[in-house]
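Numbering that gives the first Met the number 0 puts the first residue of the sequence shown at 0, with every later residue one more than the last. Backbone N, C-alpha and C define an ideal beta-carbon position, used for all residues, glycine too.
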Amino acid sequence: MAKFKEEEWMKGTGELRASTLQALSLAIRDLEDLLLLDKPPIQPPPGTEPPVKKRSAQSAGRVEPYSRQKYYLYAANREKAFLELYAFCFSLAKPPTGRNIDMDTASAFWSVLVAPKYPIMNDILKFIADKGTYKGVNKDLWNMTLEFCRTVQPDLSNYDPDGAWPTMLDDFVTWKKSSNSQPSGAQEEEDQDIEIS
0 MAKFKEEEWM KGTGELRAST LQALSLAIRD LEDLLLLDKP PIQPPPGTEP PVKKRSAQSA
60 GRVEPYSRQK YYLYAANREK AFLELYAFCF SLAKPPTGRN IDMDTASAFW SVLVAPKYPI
120 MNDILKFIAD KGTYKGVNKD LWNMTLEFCR TVQPDLSNYD PDGAWPTMLD DFVTWKKSSN
180 SQPSGAQEEE DQDIEIS
């Protein structure tokens, strides 16, 4: 899991022109802000056209801390870039000979990739932890979980029970609806009534 070949690392850092840890750290923070936290994109320096191939890291007399060429491409189509990142993370987390990733790893990735953008993911993660019976995530469940978070409202008001969701997500809906139907503290009130009478 999560291994890069030396050639891949050299190619990636070479394209970024990130020769220091500070530059690499900044590039990662910039992408996190753009793709995960939905912050406004960094604007290219005046007088430049963002997605220009083979552009140097120096523009209009200002030296960029790293080459933001790819960043500007991602900023031009944030949704596509996020979907590429999400698909890449499944491949990165999956064992080389396996077809699934374990639930703990999937949950960790979901908490970083999906939960900041879609609050319903926090409820799904709580359900997974409470239930404790789900062990692995295949590519279909990985993709459908993102689609569920993108399309279903946190209050489940637009959930279609006849939709073709994976079983885990249908189980989540049942769990969430049953936990919403019992007000918090209801059990405590019952216990107090018993003690009082």
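In the DSSP assignment, the alpha helix (DSSP H) including residue i goes from what residue to what residue?
i	result
GLY13	5 to 15
ILE127	119 to 130
GLN68	68 to 75
TRP164	It is not in any alpha helix (DSSP H) - TRP164 carries neither H nor E in the DSSP assignment.
Among residues of its own chain, excluding the 5 on either side of residue i, which ones have a beta-carbon nearer than 7 Å to its beta-carbon?
i	result
ASN121	ALA114
ALA22	PRO64 and TYR65
PRO39	none
PRO80	The amino acid occupying residue 80 in the given sequence is Ala; Pro does not appear at that position. Only LEU34 and TYR73 meet the Cβ criterion.
VAL172	LEU155 and TYR158
TYR133	MET102, ILE127 and MET167
Report back the beta-carbon spacing between residue i and residue j to the nearest angstrom; my notes put them in contact at under 8 Å.
i	j	result
PHE126	TRP174	5 Å
ASN99	GLY135	4 Å
LYS69	GLU31	About 14 Å separates the two Cβ atoms, so there is no contact after all.
TYR85	LEU145	6 Å
Below 8 Å CB to CB, which residues in the same chain sit around residue i once its five sequence neighbours on both sides are set aside?
i	result
LEU124	SER106, TRP109, SER110 and ALA114
Let me know the secondary structure DSSP gives residue i once reduced to three states.
i	result
VAL151	coil
ASP101	strand
VAL111	helix
THR19	coil
CB-CB under 6 Å to residue i, same chain, minus the five flanking residues each way: which ones, in chain order?
i	result
GLN148	In the sequence on display, residue 148 carries Cys and not Gln. Same-chain partners within the cutoff: VAL113, TYR117, ILE119 and MET120.
THR104	ALA92
LEU25	PRO64
inquiry  = Quick check: the stretch 137 to 149 against the stretch 158 to 174, are at least 3 beta-carbon pairs closer than 8 Å?
reply    = yes
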